[in-house]
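Participant:
Number of protein chains: 2
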Amino acid sequence: MTNEFHSEIEKTMQFTKIGIALKDWPSLSESQRLEIFNSLSEEEASDFFDSLDSNYQADLFEQFDRDLKRRWANDLAYDDLADILQLLEPEQVEETLSLLAKHARIEVMALMAYAEDVAGGLMNSNYIRLRANMYVEEAIRYIRTQTLSNVETIYYTYVIDATQKLLGVVSLRELFGARDGQKVSDLMTSGDDLIAIPDNMDQEEIGRVFSRFEQVVLPVIDDEFRMKGIITIDDIIKAVEEETTEDMQKIAAVESLDAPYLEVGFFEMTKKRLGWLVILFIGQMLTATAMTHFEAAIAHTVALVTFIPLIISSGGNSGAQASTLVIRALALGEVKNSDSLRVFFRELGSGLFMGFILGIFGFMRIYFWPHANEAYGVNFAQISLIVGCSIICIVMWGTLVGSMLPFLLKKLRFDPATASTPFVATICDVTGIIIYFSIAHALL
Amino acid sequence: MTNEFHSEIEKTMQFTKIGIALKDWPSLSESQRLEIFNSLSEEEASDFFDSLDSNYQADLFEQFDRDLKRRWANDLAYDDLADILQLLEPEQVEETLSLLAKHARIEVMALMAYAEDVAGGLMNSNYIRLRANMYVEEAIRYIRTQTLSNVETIYYTYVIDATQKLLGVVSLRELFGARDGQKVSDLMTSGDDLIAIPDNMDQEEIGRVFSRFEQVVLPVIDDEFRMKGIITIDDIIKAVEEETTEDMQKIAAVESLDAPYLEVGFFEMTKKRLGWLVILFIGQMLTATAMTHFEAAIAHTVALVTFIPLIISSGGNSGAQASTLVIRALALGEVKNSDSLRVFFRELGSGLFMGFILGIFGFMRIYFWPHANEAYGVNFAQISLIVGCSIICIVMWGTLVGSMLPFLLKKLRFDPATASTPFVATICDVTGIIIYFSIAHALL
Numbered sequence: 017m018t019n020e021f022h023s024e025i026e027k028t029m030q031f032t033k034i035g036i037a038l039k040d041w042p043s044l045s046e047s048q049r050l051e052i053f054n055s056l057s058e059e060e061a062s063d064f065f066d067s068l069d070s071n072y073q074a075d076l077f078e079q080f081d082r083d084l085k086r087r088w089a090n091d092l093a094y095d096d097l098a099d100i101l102q103l104l105e106p107e108q109v110e111e112t113l114s115l116l117a118k119h120a121r122i123e124v125m126a127l128m129a130y131a132e133d134v135a136g137g138l139m140n141s142n143y144i145r146l147r148a149n150m151y152v153e154e155a156i157r158y159i160r161t162q163t164l165s166n167v168e169t170i171y172y173t174y175v176i177d178a179t180q181k182l183l184g185v186v187s188l189r190e191l192f193g194a195r196d197g198q199k200v201s202d203l204m205t206s207g208d209d210l211i212a213i214p215d216n217m218d219q220e221e222i223g224r225v226f227s228r229f230e231q232v233v234l235p236v237i238d239d240e241f242r243m244k245g246i247i248t249i250d251d252i253i254k255a256v257e258e259e260t261t262e263d264m265q266k267i268a269a270v271e272s273l274d275a276p277y278l279e280v281g282f283f284e285m286t287k288k289r290l291g292w293l294v295i296l297f298i299g300q301m302l303t304a305t306a307m308t309h310f311e312a313a314i315a316h317t318v319a320l321v322t323f324i325p326l327i328i329s330s331g332g333n334s335g336a337q338a339s340t341l342v343i344r345a346l347a348l349g350e351v352k353n354s355d356s357l358r359v360f361f362r363e364l365g366s367g368l369f370m371g372f373i374l375g376i377f378g379f380m381r382i383y384f385w386p387h388a389n390e391a392y393g394v395n396f397a398q399i400s401l402i403v404g405c406s407i408i409c410i411v412m413w414g415t416l417v418g419s420m421l422p423f424l425l426k427k428l429r430f431d432p433a434t435a436s437t438p439f440v441a442t443i444c445d446v447t448g449i450i451i452y453f454s455i456a457h458a459l460l
Numbered sequence: 017m018t019n020e021f022h023s024e025i026e027k028t029m030q031f032t033k034i035g036i037a038l039k040d041w042p043s044l045s046e047s048q049r050l051e052i053f054n055s056l057s058e059e060e061a062s063d064f065f066d067s068l069d070s071n072y073q074a075d076l077f078e079q080f081d082r083d084l085k086r087r088w089a090n091d092l093a094y095d096d097l098a099d100i101l102q103l104l105e106p107e108q109v110e111e112t113l114s115l116l117a118k119h120a121r122i123e124v125m126a127l128m129a130y131a132e133d134v135a136g137g138l139m140n141s142n143y144i145r146l147r148a149n150m151y152v153e154e155a156i157r158y159i160r161t162q163t164l165s166n167v168e169t170i171y172y173t174y175v176i177d178a179t180q181k182l183l184g185v186v187s188l189r190e191l192f193g194a195r196d197g198q199k200v201s202d203l204m205t206s207g208d209d210l211i212a213i214p215d216n217m218d219q220e221e222i223g224r225v226f227s228r229f230e231q232v233v234l235p236v237i238d239d240e241f242r243m244k245g246i247i248t249i250d251d252i253i254k255a256v257e258e259e260t261t262e263d264m265q266k267i268a269a270v271e272s273l274d275a276p277y278l279e280v281g282f283f284e285m286t287k288k289r290l291g292w293l294v295i296l297f298i299g300q301m302l303t304a305t306a307m308t309h310f311e312a313a314i315a316h317t318v319a320l321v322t323f324i325p326l327i328i329s330s331g332g333n334s335g336a337q338a339s340t341l342v343i344r345a346l347a348l349g350e351v352k353n354s355d356s357l358r359v360f361f362r363e364l365g366s367g368l369f370m371g372f373i374l375g376i377f378g379f380m381r382i383y384f385w386p387h388a389n390e391a392y393g394v395n396f397a398q399i400s401l402i403v404g405c406s407i408i409c410i411v412m413w414g415t416l417v418g419s420m421l422p423f424l425l426k427k428l429r430f431d432p433a434t435a436s437t438p439f440v441a442t443i444c445d446v447t448g449i450i451i452y453f454s455i456a457h458a459l460l
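Residue numbers (my numbering), protein chains in the order written: chain A, 17 to 460; chain B, 17 to 460.
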């Protein structure tokens, strides 16, 4: 039954021309895409264009002839057009701007002045403005006249003064619930309860504000509290989704792809992975240097090397756990820089405990291995002790490195997600070898 | 200027009692929290409770005396109460349910019957219902009467027939924009354009539907298209955020924490990390077994072991990149199971290319090392070739393992995120050693 309805939605989408096109879009060539697009009716084309990722929108827009560009540029919402223009070559941007009506050009250029990942770059300047001294009935009548206009929403309205300063917010529901004779100023949310986004706040933080206060739309203000636009939740969801994807890619030591996986060109994707891979590889070469330094010990007790991968990986794995947990917690605002000491002691305890458990496993793996003295030499007992102790130290060390590195990076104004899993693992590998052989040297 | 306004919001939150409490909540003891909560006015308490994570809500609720429980249980929205009850012990659940008015108890228990991560567990049953043959003016008048009721939203209304079947959706804005004499049935979105969520659809997929169609609220239907409730976007954002956090934790081989990082108890967190750490450790022991198998080769050319960490880590790192990219792309719906072959060839090419670059680096590291013959023995040239070839093979293998494992897991109905970075790295470590020594055996 349920699978039927799951496919009901799929069927619904399939049998809509738009659904068909959307599903196969990534695999079509540019000319095929243009052909399909031109075959849509005006209304279908408008809906379809809106549903495309802005990368795809820009690709399509580039192929339009001049007249089509003029029509679309003047029809699109300012913020959507600004997003597209930020993906085009400068000549195309100039050409498109020249095709806009004057006031539209001014608005779009103003939006483009913002980086695309801050409030100013995400906001829409089409919203309903009210005066504080309006009676509620006036306000409702005015809102109804705006119904068929281009305002982003009629459900939330913004009370501003003559200098564009934001005084308060009032929802349509609040207006409906008002008593006779009340004014907008009686109902509006203002002062301490008013939540407004500074126009340069970055999108990850905006997402947290939306989330914490459970809002669907928020006003954007400049540094003099003048209203600049509104951000709706669907814009911020996309932005937060992109930020999260970026974080996850960084944690895996991949430079942010900025586009859907299959849409990124082969060489572009390989380049973005190769960068870190090479850096880490060069860093990892230090393990070879470290082992050459200890070659006397290796030559003496060859069995020691048998356990190198086991030991260094335990450090890398526990470090990966710690760093990922901390990076995500920082991104969600669950943990702040001031919590670093508290995290340090939690991780210290955790690492010690887990290191101890794993150390016992390691010890037992060697000590109780059938024919251990044949396999690992006559001092297998000492080796099992060395391995056990090393694991305790390395797991503890890995946990601390993994959890503290994001804080350190954040303090140095880097993105904490740069403390990628492979980065932490490389640090643990190199230091792990040093720890291991130092312990071996001490006990043999 | 801008930093001032950034701190304006912080200040706003600081000087609200609620803001203060929220900021420090994680560090307070249970009795301290109850004390602060009891000091709030009724309105403040209501707002504050709403803003808490459901884990915190449940903690607080547990401490209420019977009368307070009765009051809050009957005031809370059904879905919020259902969420809290799912976090309490069975005796507390029974007690609380017994304190509810009969119709409320029925509704809440119905919601609890759903798992918390599917549509039924996320939805709210308080929404506005209209009949298809209502005139627009009637409908607007009716909506206004609902303004002060408990309906989740007055901006989207649902047209149902006498058997509760969902016929269509109509927004308040559409009603406002209607011409005289039109009926609800003339305006409503229905048929192919109507988007409805089956009550058992899981939250990650619901998030994708919201995202793709840019909706803020969607109706939930059962398998006979009867309307069960609505899901608002703030509910799904929380859910998607949790799913993403869960994914990221799984990719780091941590069992999902299900609560903010600092809120999880020390032993609970350690237990959730230890599980995978032990499993991976035992898996990693195979490296020791593999190396014992090749001990003849090791004894013959001791220099070979110097490069083991370097080689196996390159496989693990490229594998980590590949698996994380694919897992995230699968989660976002950018890639489907049917794309696995296409991904396979992209990754094959990518792995070959990157392996070649790293292989050259590895080769040069040994061949051109000053006094290489002293450091690595007389056959250092062959070693450099062995290492170079091994790296090419291992990076290519790691990329394929990393990218294909999520697809395989998904096909076997596991969560693709179980293809954690450390899991992939362990596979690459064990197979890497086998590949390395096999090549060494062949070339020496």
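Built from N, CA and C at the ideal position, the CB exists for glycine as well. The structure presented is a predicted model; accordingly, all values stated were derived computationally and were not measured.
Can you name the residues of chain A whose CB is closer than 9 Å to the CB of B/Ser227?
Facilitator: For B/Ser227, the neighbours in chain A by C-beta distance under 9 Å run, in chain order, Asp250, Ile253, Lys254 and Glu257.
Participant: Could you tell me which whole alpha helix (DSSP H) segments of length 4 or greater appear in the segment 324-393 of chain B?
Facilitator: 324-347, 356-383 and 388-392
Participant: Which full runs of the alpha helix (DSSP H) of 4+ residues lie inside the segment 228-311 of chain B, going along the chain?
Facilitator: The alpha helix (DSSP H) runs of length 4 or more contained entirely in the segment 228-311 of chain B are, from start to end of the chain, 249-267 and 282-309.
Participant: Look up B/Ile52 in the DSSP assignment and say whether it is helix, strand or coil.
Facilitator: helix
Participant: What is the rounded straight-line gap between the Cα of B/Glu257 and the Cα of A/Pro276?
Facilitator: 19 Å
Participant: Compare the Cα-Cα distances from A/Ala74 to each of A/Glu58, A/Glu46, A/Gly299 and A/Glu51 and report the closest residue.
Facilitator: Nearest Cα to A/Ala74 within the set A/Glu58, A/Glu46, A/Gly299 and A/Glu51: A/Glu46.
Participant: Would B/Ser165 be called buried (16 or more neighbouring beta carbons within 10 Å of its own) or exposed?
Facilitator: exposed
Participant: In terms of residues, what are the limits of the alpha helix (DSSP H) holding A/Val167?
Facilitator: Counting along the chain, A/Val167 sits inside no alpha helix (DSSP H), nor does DSSP assign it H or E at all.
Participant: Which residues in chain D sit within 9 Å of B/Gly365, going by Cβ to Cβ distance?
Facilitator: Note that chain D does not occur in the displayed structure, where the protein chains are A and B.
Participant: In the DSSP assignment, the beta strand (DSSP E) including A/Gly207 goes from what residue to what residue?
Facilitator: From DSSP, A/Gly207 is part of no beta strand (DSSP E); its letter is neither H nor E.
Participant: According to a CB-to-CB cut-off of less than 8 Å, which residues of the segment 304-337 of chain A neighbour chain B?
Facilitator: So the list reads Ala304, Met307, Thr308, Glu311, Ile314, Ala315, Val318, Val321, Thr322, Phe323, Ile324, Pro325, Leu326, Ile328, Ser329, Ser330, Gly332, Asn333, Ser334, Ala336 and Gln337, given in the order they occur along the chain.
Participant: In the DSSP assignment, what residue or residues form a beta bridge with B/Arg145?
Facilitator: B/Tyr174
Participant: Establish whether the CB of A/Thr260 and some CB of chain B are separated by less than 8 Å.
Facilitator: Closer than 8 Å to some Cβ of chain B, the Cβ of A/Thr260 qualifies, so yes.
Participant: Measure from the alpha carbon of A/Met420 to the alpha carbon of each residue in A/Val359, A/Thr447, A/Tyr383 and A/Phe439, then state which is nearest.
Facilitator: A/Val359
Participant: I need the DSSP call for A/Tyr452, collapsed to helix, strand or coil.
Facilitator: helix
Participant: Since B/Asn140 sits in a beta bridge, which residues does DSSP pair it with?
Facilitator: Beta-bridge pairing links B/Asn140 to B/Ile246.
Participant: Is the beta carbon of A/Ile176 sitting closer than 8 Å to the one on A/Arg157?
Facilitator: no
Participant: Using CA coordinates, which residue listed in B/Glu105, B/Ala268 and B/Asp238 is at the minimum distance from B/Gln337?
Facilitator: B/Ala268
Participant: Starting from the C-beta of B/Thr18, find all residues in its chain whose C-beta is less than 8 Å away, skip the five residues before and the five after it, and write them out in chain order.
Facilitator: Residue confidence for B/Thr18 is low, a pLDDT of 40 falling below 50, so the modelled location carries little weight and cannot support an answer.
Participant: Could you check whether the Cβ of A/Ile100 sits closer than 8 Å to any Cβ belonging to chain B?
Facilitator: no
Participant: Using a Cβ-Cβ cutoff of less than 8 Å, which residues in the same chain neighbour B/Ala148 once the five nearest sequence positions on both sides are dropped?
Facilitator: Val175, Asp177, Leu183, Gly184, Lys199, Val200, Ser201 and Met204
Participant: Buried or exposed: where does B/Ser354 fall if 16 or more other Cβ atoms within 10 Å of its Cβ makes it buried?
Facilitator: exposed
Participant: Tell me whether the segment 302-310 of chain B and the segment 358-377 of chain A touch, counting them as touching only if at least three CB pairs, one residue from each stretch, are closer than 8 Å.
Facilitator: no
Participant: Enumerate in chain order the residues of its own chain whose CB-to-CB distance from B/Lys181 is below 6 Å, with the five nearest sequence positions on each side excluded.
Facilitator: Phe241 and Arg242
Participant: Can you check whether the C-beta of A/Met370 is within less than 8 Å of a C-beta belonging to chain B?
Facilitator: yes
Participant: Where do the ends of the alpha helix (DSSP H) carrying A/Val109 lie?
Facilitator: Counting along the chain, the alpha helix (DSSP H) containing A/Val109 begins and ends at Pro106 to Ser114.
Participant: Need the endpoints of the alpha helix (DSSP H) that B/Gly404 sits in, please.
Facilitator: Per DSSP, B/Gly404 is one residue of the alpha helix (DSSP H) stretching across Phe396 to Lys427.
Participant: How far does the alpha helix (DSSP H) with B/Val318 in it reach, from first residue to last?
Facilitator: Careful: B/Val318 lies outside any alpha helix (DSSP H) and carries neither H nor E.
Participant: Who pairs with A/Leu182 in a beta bridge, going by DSSP?
Facilitator: A/Ile176
Participant: Keeping to the same chain, check which residues put their C-beta closer than 7 Å to that of A/Ser187; ignore five residues upstream and five downstream.
Facilitator: Tyr171 and Tyr172
Participant: Would you tell me roughly how many angstroms separate the C-alpha atoms of A/Asn140 and B/Pro432, rounded to the nearest one?
Facilitator: 37 Å
Participant: With a Cβ-Cβ cutoff of 8 Å, do B/Asp445 and B/Ile328 count as a contact?
Facilitator: Taking 8 Å as the Cβ cut-off, B/Asp445 and B/Ile328 qualify as a contacting pair.
Participant: Using the DSSP secondary-structure output, state which residues sit across from A/Asp95 in a beta bridge.
Facilitator: Answer is none; A/Asp95 lacks a bridge partner.
Participant: Cα separation between B/Arg344 and B/Trp292?
Facilitator: 21 Å
Participant: B/Arg121 lies in the alpha helix (DSSP H); which residues open and close that run?
Facilitator: Here the alpha helix (DSSP H) through B/Arg121 covers Lys118 to Met128.
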